[in-house]
Structures are given as structure tokens and as C-alpha cells.
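Asker: Protein chains in written order, with the working numbering: chain A, 174 to 460; chain B, 888 to 1364. Note that beta-carbon positions come from the ideal geometry of N, C-alpha and C, so glycine has one too. Below is one structure. I have some questions about it.
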């Protein structure tokens, strides 16, 4: 067994639960309260999932290859864009909205290299994931798309952790940046991290399940996210350590989560039939 | 979503820079619009902006119009010997054309298009289409393959986004066989939208009515036809005691002739169509056209062409409220094969007195409804009387049999209207008709003729095909 203690696992579990459930329930809360503006024509489709996955594959390569100042700049712009669009129905006036978001991101920058940075950055990341999940799901992203997306992420994780160790490099590179796309929580001697991509995957899956099948879908999604997204990854090092005598630094969370998400989708689809469209979600909310 | 954005950008760039519109992208946008409606039940928030187009912005309009006219004129002078000579004779440089200097180029008359059609051609011909021949001998116009693919896609996108046509619709096309372009465009439009389509043509109104009732299968929900044929259908339906419950129609699209208020109301009451869309279009100008609003204006699409209203005698722009002829220049890249510059339609309109209308289409410039053909304008001692003024009175007589035929002349400075007895209810007589006209502000001597009035023009409803049986029409879905 390695130096990973029970306290470390418990800390990782607690942080994982907070981040994943915060992202899922935050997304659903936003979805029930606010409607994002959408373009005159356009629905999210399978090709958009392919485009998203292409970004997921290409962006880390750029992160590692580009000069160090490029990554935080790009991420800052992306965060500002996503938060601006998703905050529009919350705060209608343009300049107060932009001011609030700029202030939040400025706090993240100011807190950099202080003890509070990881907390502030984690909050920013969860907010961005809530906004991004709603942008997609309110744009027609379905549970089927979410499942394909997490399966794609799982394949990516598996390749770039086990075959090409790019994720470790990226993790190491990003951890030192402002706007790091990793929710790192460090309290005292304890530290744990959850990738932004993982949090987004949970938020998308939970929200898409709620849109597709209502509360039944949400219950199923929360159960899957809890077990395979929040609990299994922190426990996996212990299990792997006891089996092979070596504790891996990174756990490909999506490899655990994606098959369970796929199975949950199949169960929901067979039991509940076709997914709801936005038009029926909105009309049932009005009724 | 991402692909849709890219397609919209491609179409928008082509529109703004005057490049040929990417037709496949436009056709796929129709599919995107259908998917949007299926997911959300309605288009997104800025749909009106998309439908109105960039020319609806008054601040940009003049600048865009000048660019579009220069582009169109440059292409014409480069490819058409007729327009090369015409611009040279007018001493107008297409590259420096303005809304003022373009008036130095004489209008293109119908006879010129008839006589010099090949010399006006700027593209590769694909389909020959003809005007109906109700106002003059049928005129042949050649269209390109690009045009025949582009126009239905433009119309389909607009109709889907406005909620006027969907995959659950069944369109009955009851138009003249000469109107090959309109017919092919309608069929292609249905294919793009996924609607069913019956090409019925102008058949005996009794048969047309049977088809509208779904006696040969699926009952149509949309009818595309001419006002006079619609009138014949409404009359036949009333004769048979049919009412709105006997039909599945929700929309009737009419064009090519004047549609009166009374006939539109009768079609709503008898055929059950809640929406009567009276649009303006002409074979010579396609795809340029106009839509009627609830306040009775005709809103001409500024994105597809430049419209002028000119005095009938001086050919100078008219003042608001004055009568004039509609002169139109369809823009490239919408009109490609046989373009026309300042085409004089001889369709009578008035400019609205108010600078800006207050109707649902207020963003789009408006004129009055089409008031008739310039050649049918009657000059009386009290002033000019338009064919629409007379038609509105006659078609509103209770018990009248649509379509009402009439001829109108000035005799000794007074209007003289001749109406066939067959159009009128038995209780209506000459003095009664004259009183009805007077009550509507028209001082006229009325003659009731036993047969059709001499000198009267045919209506489009007169081009009815012989009855050969009751086989179902060709259906595409």
C-alpha cells in the first residue's frame, strides 16, 4: 500500500461530492429558473458533440505547446464568454453583468498564489460548468449526446493517461496557472483535484437526464454521478494500489463514469421511451 | 448548432457581398429550421431580424441598395448586349450608379422583354416559363438551374420560420400549366419542407373542390391558386352547401390577380381557411415579390429587388398618395438568367401617405395593394377609377357569383361598367347596382349584359383544363 491514507480518501470524497453535486444541482436549478436566449435557427446535434470532442482533444495539445501566458489568457476569455452569456437572464443589464463577472474573475486573479485561490477558482469552474451545461442542454443537447460525449471523454482519458501521458503533463502545467481548468481544493495537508472536463461531464449528464426524463431521469443521473463520478474515483487508487502495489497519480474518472452513464441511459430509454424535447419541457413548466 | 452557424455565415456573406448564394447551405438551413421547430416549437429570439433581412434597417438600406444595383447593372452590362447598349445610350456608368442617376436609364417595357429576351440573357438557360396571358400574349422567360434551386429554398426557409408550412401539410397546387417555374418551385418547396404536394392544375372547379375535400385521399391543408379560381371554388362550394367543416384548409395562398376583401372573407367562411395570403409576384421579376399585411398594404421585399413607383405619363417618382406604375429591378444574385433593369410592370399602386406604416410588417417598405393594370385604368371626369375600386364593389354584393367579370370604360367622362347577368344574384338590377356603386363613391352607369361583356379580358380561372376523369393527382411527399 502507498502513502495514501484514509483521511486523504475521505477528503477527496467530500470534495468530489461537493463539486459534482454542486455542478449537477446548480445546473438543474438554473435550468428551472432561467431561459437562455437562442439563435433563430439551430439545434444541438451529433456533429456538435464531435466538434466538442475535437476541442477536448486539440486544446490540451495547444496548452502544452503554446507559451505559458497563452493558456491563462485563453481560459480567462472562455470563462468570461460563458459566464457572460449564461448570466444574461440572471442580470439583464449589460454593464452591471459584465462588471460582476469581471469582478469575480479579478478576485480569482488577485487570489492567485494565496491560500484562497483554490476555493475561488473551484467556484469559478463550477459556475462555468453550470453555464456551459445550460448553454448546451437549452440549445437542444440530449441525454444521448451527453452519453456520447462522456464515452468520447472516457476514450480520451484512457489514451492520454495510459498510452500517451499527456494528461499528467497538462495537470502539472495547469495547476500552476491562474484560471486553471482543474478544481483543486487544498486545506492544510489535504489536497485533491477534479478536472473541469469531469465536472462539466457530470453537469451535462445530470441536466440532460433531467431535461429528457424529468425527476426520474435526475434521480438516476444523480445516483450514477454520486457512485461513479464522486465516490469511485477517490476509492479507485486504494483498490488499484491493493491490486498492483502502486497508487496511480491520476484516475481516469470518465473511464469509470461513462459505462455507467451509458447503462443508465439505456435503462431510461427502454423504460421511459423517447426523450422530452425542449418544447414539452417548457410547456410542462408553464402548465 | 455549430454547422447551422457556419451555414448562416456563408449565406449572410454571400448576401452582403453579392456573391452567388450557396444553395446547398440554404437548403440545409431549411432542414435546420425544421429541426429547430421540432425541438423548441418555435424559432429563436431574433427570427424577425433574420426574416426581415439586412435591407429592413433604414440606416443601411440606401447604401445596400446602391451596392446591389451597381452589382446588378455591372453584371448586366458585362453579359447582356441589350443592357450594354442601353446603359451606353443613357451615359450611365454602372460602377457609379446611384438611386438618382439610375433614373436616366429608361424603364424596360414588356414588349422589349418579348422582342429582345435573348439579348437580355445573362446566364445558362434551364427552364422556360411563361406568363399567363390574361393581360397580353404569353411572354416566355428563361430561368437558370441555380435560380430554380435557390428560389424554393429561400421561400421554404421563410415559410418554415413564419410557421406557414410544415411537414404535416398537404399543398394543393391549382395554377396554370404555363407557370412552370411557379409550379416547379412549389413542388421543390414542399420537398424541402417535407410537406405532401398535389399538382392539380386548373381543373373544373367541381373537381378542384372534390380534391380539396380529400375525396381522392389526403385532404389539402394549403391551397396555392389565383383569386379568380378561388372565387370559382367558393361559388361551387356554396352551390353544394359546403362549409368550413368539409375542408381541412388552414391557408390559401393567392397571387397573380387582384384579391378583393369580400372574396377573402368568403373563402375564410366557406373553405375554413383562417389565413388568406395575398402575395405579389410576376414571372418577369421572380423571386422579387411582396406580402400583404392586415392593414391592406403590399410590402415589397427590399432584399431581393429595388422598387420604384413612377407616374404613368411622366415616368417620374410619384408623391405619397399618388397613383403610379410599379417599376422593379430584381438584384443579382437572386435573378441570374434573364435579369431586367427598371422593369415596368404596369401594375398600379399608390405610395402610402404615412412615411412609415404601423402594421405587423412595418419594417418593410410598403405600397398600396395592386389596384389593377395601367391599361385598365379608366379616366373619368371625376378622376381616375382603378379596376380594384370596381372589383371591390362588385365582389361585395351579397349573393354574387365569384369571380365577377366586368368591363369598364369612360363614356362622355362618366364611368360605364358592364357586368354579365350570370355573375349577379337574381334580385340585383341595374339601378340597384348603380346605387351600390354610388354608396361606395363611384358614380357609374351600369349595364347588365346577358353574356360575357364584349372586350373583357380572360381571368386565370378561364384556363381550366378539360375534364378527363377523376383519377387522383400526382402526389409527392
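1) Quick check for students: name the residue ranges of the alpha helix (DSSP H) that lie wholly in the segment 1010 to 1064 of chain B, counting only runs of 4 or more.
2) Are the CB atoms of residue 224 (chain A) and residue 931 (chain B) within a distance shorter than 8 Å?
3) Hey, how far is the Cα of residue 322 (chain A) from the Cα of residue 384 (chain A)?
4) Please check if any C-beta of chain B sits within less than 8 Å of the C-beta of residue 232 (chain A).
5) Could you work out which residue in B:908, B:1168, B:919 and B:992 is closest to residue 975 (chain B) when comparing CA atoms only?
6) Can you grab the Cα-Cα spacing for the pair residue 914 (chain B) / residue 943 (chain B), in whole Å?
7) Relative to the C-alpha of residue 1260 (chain B), which residue among B:1272, B:980 and B:1093 is closest?
8) Less than 8 Å separating the beta-carbons of residue 1014 (chain B) and residue 959 (chain B)?
9) Could you work out which residue in B:1064, B:1255 and B:1101 is closest to residue 1350 (chain B) when comparing CA atoms only?
10) Would you mind giving the Cβ-Cβ distance between residue 306 (chain A) and residue 200 (chain A), rounded to the nearest angstrom? I have them listed as a contact below 8 Å.
11) Could you name the residues of the segment 204 to 217 of chain A whose beta carbon sits closer than 8 Å to any beta carbon of chain B, in the order they occur along the chain?
12) For a test of the three-state rule: what should DSSP assign to residue 1113 (chain B), helix, strand or coil?
13) Alpha carbon to alpha carbon, how far is residue 184 (chain A) from residue 363 (chain A)?
14) Looking at the unbroken beta strand (DSSP E) that takes in residue 1277 (chain B), where does it start and where does it end?
15) What runs of the alpha helix (DSSP H), each 4 residues or longer, lie entirely inside the segment 1136 to 1188 of chain B?
16) Between A:442, A:284 and A:244, which has its C-alpha nearest residue 394 (chain A)'s C-alpha?
17) Since residue 1235 (chain B) is in the beta strand (DSSP E), which residue starts that stretch and which ends it?
18) Between the Cα of residue 278 (chain A) and those of A:366, A:246, A:372 and A:180, spot the shortest distance and give me the residue it belongs to.
19) Just to make sure I have the definition right: I need the residues of chain A whose C-beta is within less than 7 Å of the C-beta of residue 1213 (chain B). Which are they?
20) Indicate, with yes or no, if the ligand GDP has a heavy atom lying under 7 Å from the CB of residue 312 (chain A).
21) Which one or two residues does DSSP pair with residue 138 (chain A) in a beta bridge?
22) Please list, in chain order, all residues of the same chain as residue 1208 (chain B) whose beta carbon is under 7 Å from its beta carbon, the five residues on each side excluded.
23) Can you look up residue 315 (chain A) in the DSSP assignment and give me helix, strand or coil?
24) Taking Cβ-Cβ distances shorter than 9 Å, what residues in chain A pair up with residue 931 (chain B)?
25) Whose C-beta lies closer than 7 Å to the C-beta of residue 1040 (chain B) among residues of the same chain, with five residues either side of it excluded?
26) Across which residues does DSSP place residue 366 (chain A) in a beta bridge pair?
27) Given this structure, state the Cα-to-Cα distance separating residue 265 (chain A) from residue 297 (chain A), to the nearest angstrom.
28) Taking only three categories from DSSP, how would you classify residue 1304 (chain B)?
29) CA-CA distance, residue 1201 (chain B) and residue 1231 (chain B)?
30) Within 10 angstroms of its Cβ, does residue 286 (chain A) collect 16 or more other Cβ (buried), or is it exposed?
31) Looking only at its own chain, which residues have a Cβ that is under 6 Å from the Cβ of residue 337 (chain A), when we skip the five neighbours before and after it?
32) Any C-beta of chain A sitting closer than 8 Å to the C-beta of residue 891 (chain B)?
33) Note down, in chain order, every chain B residue with its Cβ under 8 Å from the Cβ of residue 369 (chain A).
34) Exposed or buried, residue 1311 (chain B), counting other C-beta atoms within 10 Å across all chains shown (16 or more means buried)?
35) Looking at the C-beta of residue 313 (chain A), does it have a partner C-beta in chain B at a distance below 8 Å?
36) If you follow the alpha helix (DSSP H) that residue 1092 (chain B) is part of, which residue opens it and which one closes it?
Answerer: Taking the geometry as given:
1) 1032 to 1049
2) no
3) 16 Å
4) no
5) B:992
6) 23 Å
7) B:1272
8) no
9) B:1064
10) 4 Å
11) 210, 211, 212, 213, 214, 215, 216 and 217
12) coil
13) 7 Å
14) Here residue 1277 (chain B) belongs to no beta strand (DSSP E); instead the alpha helix (DSSP H) covers 1274 to 1282.
15) 1148 to 1158
16) A:442
17) 1230 to 1237
18) A:246
19) Neighbours of residue 1213 (chain B) on chain A: none; closest Cβ ~31 Å, over 7 Å.
20) In terms of ligand content, the structure shown is empty, and the ligand GDP therefore cannot be addressed.
21) Examination of residue 138 (chain A) is not possible in this model, given that chain A is present from 174 through 460 alone.
22) 1237, 1238 and 1240
23) coil
24) 210, 211, 212, 213, 214 and 215
25) 910, 913, 914, 917 and 1079
26) A:357
27) 20 Å
28) strand
29) 13 Å
30) exposed
31) none
32) yes
33) Within 8 Å Cβ-Cβ: nothing; residue 369 (chain A) doesn't reach chain B, min ~21 Å.
34) buried
35) yes
36) 1092 to 1099
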